[in-house]
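Report on the following structure.
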């Protein structure tokens, strides 16, 4: 807003916010407005102490006995059961381990093992890159047997031909925040004889998800975004109970029925345990569990309501900047179609994100011109929306991004 | 030894030990004799503080900016370069990330991509199970194109037929501690037109390894044994520079040439970076780096010398127990063939390992009857060898293992 405008008073909204108390559960420097929790979630206050205990007591004192004594060996399933409560799965349908990319590979190859007569892995061309890259790796290895096929986002359902074994789709798009209709698309895929792997990286902890309500087959997701599990946190994999006879090709010893019998042949464990591969990443799992436990304290309906209200306010406040400085809303306005982020396109998007950092606002940039503002209802306030737009207006009014060093793209942004 | 025997005085050996000062760098409770560092290495004293910094400062304060600011994004290669110094590789030939199992998969599929006209992955039947299981997963997925073949340990070289694409072998056997001749076997494999993937899980930090001296192709290894990286630590993968055009099929975004350009097609990074897959596990990597840094302070020739001296002493002290109680040495006596552990077979092996815990000795058991005593020269003393045998003698003399609860096998030991 320009100097002549008056920022709206949102103090009543913050005062009435039933989730307001969660902010104190995170380490967040006063003054900083962190709008990148959809890339790396903030640090829960409890994480440091928990990790210190896992390191000093469980590892340092318990040593090898902690695999049983501190329940390290069952952590992937225990945390999976907790994540299940966030996304409409049952206990015994999720494991937390490995990266999202590796879990995509497991889920896709498991789905292929259930549709051996079909050859195509389908996705949208603008899906998050690692999803498509993993498909392309499978194609390359298959010697021509499997095809990785991508189509335009709106052509997905039409592309569900009788050669499609599995559809890989991200529910909430990483750039636009557009939400896919999980129920309808899953039904369309099943009608066409295909299975679906849902990538929930921008969904879990951000919007209500009901995997079993949608009759979902497989899903994967990231632990370090809205679940606040820490940098490079273990990801998770969901396999509906009816698909537990599928065999992911990453047949490591922790997926074996009797890993500590050291048998010579792979015999996959019953249930979700077969979707594990190597030794569980204990330190990362400990941090992830803190984040998941914290998210479980919140009512997901309240989280969704606040997320949409923050987004509506932000979009409203941004309208003058769209008119004056050329920002173009790149996220759906419609609640049913909008995830927990609001994105704008701007030709100087990269430089604006850099300039905003000097005003203590962290957003992020995605090529070619998208500025993402991630909305994390557990630790953002309505006043943060107001102040973000105020600071952005100052960046624009002074063309603060016109510094040469903002034009040096770093390798990682 | 029996009461009538006198324990040898090894205090002079401990006093003269040039590695003795390293023990204080680890958290180890007085009285405990920890002979399972080949399963889970002990906790370095520096790890807790390092992790607290990564969590509280890098994650908590730096948030998303720490991917560059705290060099998270390059940690897999930075730590890989450090591990390289331990095992005779060059900078730029190793990444630290993912589990050993997942890295086995990458290395095997990369090797297969370099030998497309061949079909067989060869290993020994008694290899560590996850190695063979990963081979079997590849076979299952290949639709008959790739065969996982295992042969008896001594038949490996003879089995290098012209259909063998890649040999997967563990240099130091997980049960016996037998050391394979890396130079000779690699040469035999190359003569037969095959590549070799060496599993160094029980080698790195335990015995001197010279990957490039042996003209090795690929290698993988575990971060949580002799490298003291913590439970479920990230593993590592070595690819000789001449093989960096190979393509592992786990083509995740962190292996892309320009991950943050979010391109639609996979274009593998030049060099070792393409052997990364998903987002690096930052917390696990931080702990691993502390362990690797500590190991780099030690002279590997001294480590080896002490390891063999500890083993020789232990074997000598155990001889009376072999004669009286039926222990059978299951490791080579010959220095050239013995890694950093000494194993004994005993029909009550499992129960003896359980009973030893009550005497504050932690060893471990491997089916069907193997007791492993892991020798970690950085934190074990000569007197620990003497005391272990004394305590084991008391266990045997009183048949302390004859308690019913020792016969209830736990799921994880």
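Residue numbers (the working numbering), protein chains in the order written: chain S, 1 to 413; chain L, 1 to 413.
From the three backbone atoms N, C-alpha and C, an ideal C-beta is built for every residue, glycine too.
All values reported here derive from a predicted model rather than from experimental measurement.
Residue i, enclosing alpha helix (DSSP H) - first and last residue
i, result
"residue 138 of chain L", "129-142"
"residue 388 of chain S", "382-397"
"residue 350 of chain L", "349-357"
"residue 47 of chain L", "47-53"
"residue 314 of chain L", "300-325"
"residue 64 of chain L", "Element bounds for residue 64 of chain L: n/a, residue is neither H nor E."
"residue 283 of chain S", "282-297"
"residue 374 of chain L", "No alpha helix (DSSP H) holds residue 374 of chain L; the beta strand (DSSP E) holding it covers 370-374."
"residue 186 of chain S", "182-191"
"residue 109 of chain S", "100-114"
"residue 225 of chain S", "Element bounds for residue 225 of chain S: n/a, residue is neither H nor E."
Contact set for residue i: own chain, Cβ-Cβ below 7 Å, skip 5 residues either direction
i, result
"residue 432 of chain S", "This structure cannot speak to residue 432 of chain S, because chain S is shown only from 1 to 413."
"residue 193 of chain L", "162"
"residue 349 of chain L", "365, 369, 370 and 371"
"residue 93 of chain S", "84, 238, 239, 240, 241 and 272"
"residue 410 of chain S", "In this prediction, residue 410 of chain S has a pLDDT of 45, which is less than 50 and means its spatial position is unreliable; what the coordinates show is noted afterwards. Around residue 410 of chain S: no qualifying Cβ."
Contact set for residue i: own chain, Cβ-Cβ below 6 Å, skip 5 residues either direction
i, result
"residue 17 of chain L", "none"
"residue 223 of chain S", "229, 233, 234, 235 and 288"
"residue 23 of chain L", "379"
"residue 114 of chain S", "246"
"residue 249 of chain S", "109"
"residue 81 of chain L", "91"
"residue 324 of chain S", "none"
"residue 306 of chain L", "19 and 377"
Straight-line Cα distance separating residue j from residue i
i, j, result
"residue 221 of chain S", "residue 237 of chain S", "7 Å"
"residue 413 of chain S", "residue 364 of chain S", "Interpretation of residue 413 of chain S is limited by its pLDDT of 32, a score under 50 that renders its predicted location unreliable; no figure is taken from the coordinates."
"residue 318 of chain S", "residue 390 of chain S", "9 Å"
"residue 165 of chain L", "residue 330 of chain S", "50 Å"
"residue 3 of chain S", "residue 371 of chain S", "Here the model assigns residue 3 of chain S a pLDDT of 47, short of 50, so the residue's position is not dependable, and the following value carries that caveat. Residue 3 of chain S and residue 371 of chain S: Cα-Cα distance of roughly 24 Å."
"residue 260 of chain L", "residue 64 of chain L", "14 Å"
"residue 403 of chain L", "residue 397 of chain L", "14 Å"
"residue 368 of chain L", "residue 72 of chain L", "43 Å"
"residue 110 of chain L", "residue 247 of chain L", "5 Å"
"residue 146 of chain L", "residue 315 of chain L", "43 Å"
"residue 172 of chain L", "residue 239 of chain S", "37 Å"
"residue 360 of chain S", "residue 295 of chain S", "26 Å"
"residue 47 of chain L", "residue 255 of chain L", "28 Å"
"residue 283 of chain L", "residue 78 of chain L", "15 Å"
"residue 392 of chain L", "residue 38 of chain L", "20 Å"
"residue 244 of chain L", "residue 266 of chain L", "16 Å"
"residue 45 of chain S", "residue 332 of chain L", "51 Å"
"residue 377 of chain S", "residue 19 of chain S", "7 Å"
"residue 29 of chain S", "residue 61 of chain L", "7 Å"
Boundaries of the beta strand (DSSP E) in which residue i is found, first to last residue
i, result
"residue 124 of chain S", "120-124"
"residue 418 of chain S", "Since the first and last residues shown for chain S are 1 and 413, residue 418 of chain S lies out of range."
"residue 237 of chain L", "236-239"
"residue 196 of chain L", "195-199"
"residue 219 of chain L", "218-221"
"residue 365 of chain S", "364-366"
Residues near residue i by beta carbon distance below 8 Å, same chain, minus five either side
i, result
"residue 199 of chain L", "100, 104, 127, 128, 131, 168, 169, 170, 171, 219, 220 and 221"
"residue 138 of chain S", "105, 108, 109, 112, 121, 146 and 148"
"residue 297 of chain L", "22"
"residue 51 of chain S", "283, 286 and 287"
Taking Cβ-Cβ distances below 9 Å as the criterion, which residues of the stretch 229-244 of chain S are in contact with chain L? 230, 231, 232, 233, 234 and 235
Pull out every residue of the stretch 43-55 of chain L whose Cβ sits closer than 7 Å to any Cβ of chain S, in chain order. 43, 47, 48, 51, 52 and 55
Contact between the stretch 111-125 of chain S and the stretch 291-310 of chain S is defined here as three or more beta-carbon pairs at a separation below 8 Å; is this criterion met? no
Please confirm if the stretch 281-290 of chain L is in contact with the stretch 222-235 of chain L, defined as three or more CB-CB distances below 8 Å between the two stretches. yes
The stretch 247-264 of chain S: which residues have C-beta closer than 7 Å to a C-beta of chain L, in chain order? 247, 249, 250, 251, 252, 253, 256, 260, 261, 262, 263 and 264
Quick check: the stretch 338-357 of chain S against the stretch 195-206 of chain S, are there 3 or more CB pairs under 8 Å? yes
Any contact of the stretch 83-102 of chain S with the stretch 184-192 of chain S, i.e. 3+ C-beta pairs under 8 Å? no
Specify whether the stretch 79-98 of chain L and the stretch 264-284 of chain L touch according to this definition: at least 3 beta carbon pairs, one from each stretch, less than 8 Å apart. yes
Below 8 Å between beta carbons is the criterion; list the residues of the stretch 134-146 of chain L that meet it against any residue of chain S, in chain order. 134, 136, 137, 138, 140, 141, 142, 143 and 145
Are the stretch 72-90 of chain S and the stretch 133-148 of chain S touching by the rule of at least three beta carbon pairs closer than 8 Å? no
Members of the stretch 355-367 of chain S near chain L, C-beta cut-off 8 Å: 357, 362, 364, 366 and 367
Note down, in chain order, all residues in the stretch 11-40 of chain S with a beta-carbon under 7 Å from any beta-carbon belonging to chain L. 27, 29, 34, 36, 39 and 40
Note down, in chain order, all residues in the stretch 280-299 of chain S with a beta-carbon under 7 Å from any beta-carbon belonging to chain L. 280, 281, 282, 283, 284 and 287
Short of 9 Å Cβ to Cβ, which residues in the stretch 94-105 of chain L face chain S? 97, 98, 99, 100, 101, 102, 103, 104 and 105
In the stretch 113-133 of chain S, which residues sit with their C-beta less than 7 Å from some C-beta in chain L, listed in chain order? 125, 129, 130, 132 and 133
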